[in-house]
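Protein sequences appear in the order of chains A and B. What the first sequence shows, in UniProt numbering, is residues 1 to 194, in sequence order. What the second sequence shows, in UniProt numbering, is residues 1 to 301, in sequence order. Here the structure comes first, spelled out in structure tokens, and everything after it is commentary.
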Amino acid sequence: MAKETSVLDTELEYLPPELRWREWIGRIEAVIFASASPVPRGDLARVVGQGASVDLLIEDIQADLDDRPYELVAVADGWLMRTRARFADAIRAAADVGDQHLDLDEFEVAVLASIAYHQPLTRDGLKDIFGKDISRDLIGRLRAQELIATGPRSPRAGAPYTYVTTQKFLMAFGMESLRDLPDRGELEDAGMAS
Amino acid sequence: MSLQLLPRWITVQRDEDPETVAFLSGAALATLDTVLRDPNGTLPCALLRDRMALDSAVACLKLEGRNEPGSDIRDAVCLARAGDRLGPAGEMFMGWRKLARINLGVSGWMGRVENALPTALAHEAVSILGSPSGTPVGQASDILAELLPRFPREEAGALMLADVALARAVGWDRPVPLLGAHMVRRDIRAIATGAGEPRLFVHRAMVAACDTAIRLAADLDLRVAKLRSVAPKLRAKGSDAALALFLSHDAVSPSCMLSPMIQGTLMPMTDRAARRLCDRLVELGVVRELTGRPRFRLYGV
Numbered sequence: 001m002a003k004e005t006s007v008l009d010t011e012l013e014y015l016p017p018e019l020r021w022r023e024w025i026g027r028i029e030a031v032i033f034a035s036a037s038p039v040p041r042g043d044l045a046r047v048v049g050q051g052a053s054v055d056l057l058i059e060d061i062q063a064d065l066d067d068r069p070y071e072l073v074a075v076a077d078g079w080l081m082r083t084r085a086r087f088a089d090a091i092r093a094a095a096d097v098g099d100q101h102l103d104l105d106e107f108e109v110a111v112l113a114s115i116a117y118h119q120p121l122t123r124d125g126l127k128d129i130f131g132k133d134i135s136r137d138l139i140g141r142l143r144a145q146e147l148i149a150t151g152p153r154s155p156r157a158g159a160p161y162t163y164v165t166t167q168k169f170l171m172a173f174g175m176e177s178l179r180d181l182p183d184r185g186e187l188e189d190a191g192m193a194s
Numbered sequence: 001m002s003l004q005l006l007p008r009w010i011t012v013q014r015d016e017d018p019e020t021v022a023f024l025s026g027a028a029l030a031t032l033d034t035v036l037r038d039p040n041g042t043l044p045c046a047l048l049r050d051r052m053a054l055d056s057a058v059a060c061l062k063l064e065g066r067n068e069p070g071s072d073i074r075d076a077v078c079l080a081r082a083g084d085r086l087g088p089a090g091e092m093f094m095g096w097r098k099l100a101r102i103n104l105g106v107s108g109w110m111g112r113v114e115n116a117l118p119t120a121l122a123h124e125a126v127s128i129l130g131s132p133s134g135t136p137v138g139q140a141s142d143i144l145a146e147l148l149p150r151f152p153r154e155e156a157g158a159l160m161l162a163d164v165a166l167a168r169a170v171g172w173d174r175p176v177p178l179l180g181a182h183m184v185r186r187d188i189r190a191i192a193t194g195a196g197e198p199r200l201f202v203h204r205a206m207v208a209a210c211d212t213a214i215r216l217a218a219d220l221d222l223r224v225a226k227l228r229s230v231a232p233k234l235r236a237k238g239s240d241a242a243l244a245l246f247l248s249h250d251a252v253s254p255s256c257m258l259s260p261m262i263q264g265t266l267m268p269m270t271d272r273a274a275r276r277l278c279d280r281l282v283e284l285g286v287v288r289e290l291t292g293r294p295r296f297r298l299y300g301v
């Protein structure tokens, strides 16, 4: 397989420019479609010509998908195809997708959000925020889903671990970076934080 | 002899006339250049750049809406063990730290710049830094004017590339985190939206950046002179290697960086010896304890 990809003709000089562009678009769309995880720019650049702008190709694909029920989005470390949010109910009604969606209750989401805003954060830090102990189980569940990972030790007695959010966290919530977290001021205005 | 700070006529001006600001920035940069070329051969340049990297990390995190104080960022980096994630603040510092250590004079520097940049901008490095032309500030502001409108949320990466271009244009062997800590949010926003005059903003930031850098250099130069003067009095095995760490790192953690092995060497040092050495350096007045904590202490010049 590796050998085949290494001889992939990326320049496609025998094609007129317009068809060449269509072929590159097709390749990028196919690569992203075939991948379960976000595809980084570098991987995409390998299937198109030297001078082709991955960004422009992506823009064209996004325009093509305008009226489709799925979209091509930029997430943490690349591009991903996913169904549009408004079709979530239909998808849920038609199929059992239990394994795919995050199985988090409201409180777990609140804990996750606190870690996202205040990371690196220890269980003690979470306790200060929520006014009660956050169980190791809950932390364990978030870790098992790879939404958080251990960060630097906290400089306190016992050197407890801190927790930080992961790329998968960003991906799961459709964010490109932590800056997509709602502004803390806005949250306060909405009465969701103090 | 202590270093000459920027003369008052450069720092007191609050003139907004582009020509005046450009003139002042040129004078400030030329003065900083002389300082960094280190005619006395005493300036701890690596330590200076590391401290400035921390300042840039604090400033860039603020631009991203994260208000971590420098002490938290320092903790994240000093207390993380192999395999731990650093978190957003620690990663920001590590990015700037890596950048400020790249030797621009040896081949492969471009790859290391890409490595230090945030992922979203890594692939831009080659085209952005590839064929430089113009004055140092001109190059830096062209880079910001090119990148910020396209990547309005990648301020840190854009500022990193601007600082690399600046260093190369002046002829420094390593990037100095200058603009990273001194471009103000309002000006960055203006460049990102295509309003205002990037060059004027960068000139203005340069005056402030050079002033801060020279003050810091003068301070570190004095402190390090003291540190070097006590070096012969230290009898601990490995104390030379330990001092080298103090001369190149914002902070040193005895338990993570000096023991069981002095970082960057194969020299072993026990936990106890590491703590004793740090205590001794504090006693001699050449190193400060930076945290005020009884445990997990960090020491720095």
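Note that beta-carbon positions come from the ideal geometry of N, C-alpha and C, so glycine has one too.
Using a Cβ-Cβ cutoff of less than 6 Å, which residues in the same chain neighbour residue i once the five nearest sequence positions on both sides are dropped?
i	result
alanine 190(B)	Gly196
leucine 104(A)	none
arginine 74(B)	Ala251
glutamate 68(B)	Leu61, Ala89
glutamate 11(A)	Gly49
phenylalanine 201(B)	Asp187
serine 194(A)	The predicted position of serine 194(A) is uncertain, since its pLDDT is 46 and thus under 50; no value can be drawn from it.
isoleucine 32(A)	Val39, Trp79, Met81
Quick check on this structure: which residue in the options has the alpha carbon closest to the alpha carbon of residue i?
i	options	result
alanine 28(B)	Pro44(B), Ile214(B), Met183(B), Leu121(B)	Ile214(B)
residue 302(B)	Ala30(B), Leu216(B), Glu155(B), Leu104(B)	Any property of residue 302(B) remains undetermined from this structure, which presents chain B solely from 1 to 301.
glycine 70(B)	Ser107(B), Arg85(B), Glu91(B), Arg81(B)	Glu91(B)
glycine 171(B)	Leu32(B), Val12(B), Val21(B)	Leu32(B)
isoleucine 91(A)	Pro69(A), Val48(A), Gly151(A)	Pro69(A)
glutamine 4(B)	His182(B), Met110(B), Thr212(B), Arg14(B)	Thr212(B)
leucine 220(B)	Phe23(B), Gly300(B), Met160(B)	Gly300(B)
serine 37(A)	Tyr14(A), Val73(A), Asp67(A)	Val73(A)
alanine 76(B)	Leu102(A), Glu29(A), His118(A)	His118(A)
phenylalanine 93(B)	Trp109(B), Leu104(B), Arg51(B), Asn103(B)	Arg51(B)
methionine 206(B)	Arg185(B), Leu48(B), Ala181(B)	Ala181(B)
arginine 153(B)	Arg27(A), Glu176(A), Ala88(A)	Glu176(A)
alanine 236(B)	Thr11(B), Ser131(B), Leu258(B)	Leu258(B)
leucine 216(B)	Arg293(B), Arg37(B), Leu47(B), Cys256(B)	Leu47(B)
serine 255(B)	Ala94(A), Arg184(A), Pro155(A), Asp183(A)	Pro155(A)
Taking its Cβ as the centre, do 16 or more other Cβ atoms sit within 10 Å of residue i, making it buried, or is it exposed?
i	result
alanine 58(A)	Per the sequence presented here, residue 58(A) reads as isoleucine, with alanine not at that position. Burial call: buried.
tryptophan 9(B)	exposed
isoleucine 128(B)	buried
glutamate 4(A)	Residue placement at glutamate 4(A) is flagged as unreliable, the pLDDT there being 47, under the threshold of 50; the coordinate-derived value follows with that caveat. Exposed, by the Cβ-count rule.
threonine 291(B)	buried
methionine 1(A)	Confidence is the limiting factor: at methionine 1(A) the pLDDT is only 45, short of 50, which leaves the residue's position unreliable, though a coordinate-based value still follows. The residue in question, methionine 1(A), is exposed, as its Cβ has fewer than 16 Cβ neighbours within 10 Å.
arginine 153(A)	buried
threonine 20(B)	exposed
proline 18(B)	exposed
proline 118(B)	buried
glutamate 155(B)	buried
threonine 270(B)	exposed
arginine 81(B)	exposed
threonine 162(A)	buried
proline 268(B)	exposed
glycine 151(A)	buried
serine 253(B)	buried
valine 113(B)	buried
threonine 122(A)	buried
phenylalanine 107(A)	exposed
arginine 295(B)	exposed
valine 12(B)	exposed
Beta-carbon within less than 8 Å of residue i's beta-carbon, same chain only, minus the 5 sequence neighbours each way: which residues are those?
i	result
alanine 116(A)	Thr165, Phe169, Leu178, Leu181
serine 133(B)	Gln139
serine 2(B)	Ala218, Asp221, Leu222
leucine 15(A)	Glu23
Please go through the same chain and pick out, in chain order, the residues whose beta-carbon is closer than 7 Å to the beta-carbon of residue i, but skip the five residues on each side of it.
i	result
isoleucine 25(A)	Leu57, Asp60, Ile61
leucine 243(B)	Leu227, Ala231
arginine 41(A)	Val54, Gly78
leucine 126(A)	Val111, Ser114, Ile134
alanine 162(B)	Ala140, Ile143, Leu144, Leu179
Query - Members of the region 142-176 of chain B that neighbour chain A once the beta carbon cut-off is set at 8 Å - result: Arg153
Query - Any 3 or more C-beta pairs closer than 8 Å across the region 73-85 of chain A and the region 108-123 of chain A - result: no
Requested in this report: Pair every Cβ in the region 285-299 of chain B with every Cβ in the region 223-237 of chain B, then say whether three or more of these pairs are closer than 8 Å.
Outcome: yes
Query raised in the report: Should the region 56-70 of chain B be called in touch with the region 133-146 of chain A, which here means at least 3 C-beta pairs below 8 Å?
Result: Touching, no.
**Report entry** Residues of the region 44-64 of chain B whose Cβ lies closer than 9 Å to any Cβ of chain A, in chain order
**Finding:** Glu64
Requested in this report: Below 8 Å between beta carbons is the criterion; list the residues of the region 41-61 of chain A that meet it against any residue of chain B, in chain order.
Outcome: Arg41, Gly42, Ala45
Query - Members of the region 131-151 of chain A near chain B, C-beta cut-off 7 Å - result: Listed by position along the chain: Ala149, Thr150, Gly151.
Query - Chain-ordered residues of the region 74-89 of chain B with a beta carbon less than 9 Å from chain A - result: Asp75, Ala76, Val77, Cys78, Leu79, Ala80, Arg81, Gly83, Asp84, Arg85, Leu86, Gly87, Pro88, Ala89
Report task. Compile a chain-ordered list of the residues in the region 116-144 of chain B whose CB is closer than 7 Å to at least one CB of chain A. Result -> Thr119, His123
**Report entry** Contact set between the region 276-301 of chain B and chain A, restricted to residues whose Cβ is under 8 Å from the partner
**Finding:** Thr291, Arg293, Arg295, Phe296
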